[in-house]
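Residue numbers (the working numbering): 1059 to 1227. Taking it in order: structure first as structure tokens, then the write-up.
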Amino acid sequence: MTAQIGSSRVIIRVIALLLGVTLAAGPAAAQTAKDLVGTWTIATVMAEQGETQFEPYGSNPEGILMFDDNGRYSLVLLRPDLPRFASGNRTVGTPEENRAVVQGSIAHFGTYAVEGGDTLLLRIEAATFPNWNGAEQNRPFTLTGGKLEYTVPAASGGGTGRVVWTRAK
């Protein structure tokens, strides 16, 4: 009887070990809004329109995303090669300067929540793309270590976007 109990314990430990390995290798655990709190810097932005993929903010975009613990966020993304305004005054930029800035940047802020552990809900209060003002956007996401990835189902430039952020150090 003692031998059976001993071997049963060994089997239980082996099963627990195997389950632990299986669970660790399985899908990522559900995330909460608290898991996003902090400052993030942009790594990559890839847009897709039909069969065409491109980097709307260039190959080395600049940007910051901040989530606070009260459910508020702010986001700024821009191309690093935006032109300086020849006039030195942003209110009198040339049509070309203004076009480059509008096409090479996006900023918005509002509140956020996590739904179902894998969907980031952004309630956009205001944006440099006014069509998003007052909008709610669901963005499927994954959070792995210090990397946050999400999909923008309806990007401001059309099509979809895949955005990757890294936690700021």
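C-beta: ideal position from N, C-alpha, C; glycine also.
query	result
Under a three-way DSSP split, which group does Pro-1198 fall into?	strand
Is the region 1154 to 1173 close to the region 1122 to 1137, with three or more CB pairs under 8 angstroms?	yes
Mapping DSSP to helix, strand and coil, what is Thr-1099?	strand
Would you say the region 1201 to 1216 touches the region 1092 to 1106, given that touching needs at least three Cβ pairs under 8 angstroms?	yes
Please classify Arg-1148 as buried or exposed, where buried requires at least 16 other C-beta atoms within 10 Å of its C-beta.	exposed
Please return the same chain residues whose Cβ sits closer than 6 angstroms to the Cβ of Gly-1174, not counting the five positions on each side in sequence.	none
Between Ala-1105 and Thr-1177, what straight-line distance do the alpha-carbon atoms span, to the nearest angstrom?	19 angstroms
From Gly-1162, Asn-1196 and Gly-1192, pick the residue whose C-alpha is nearest to that of Gly-1215; which is it?	Gly-1162
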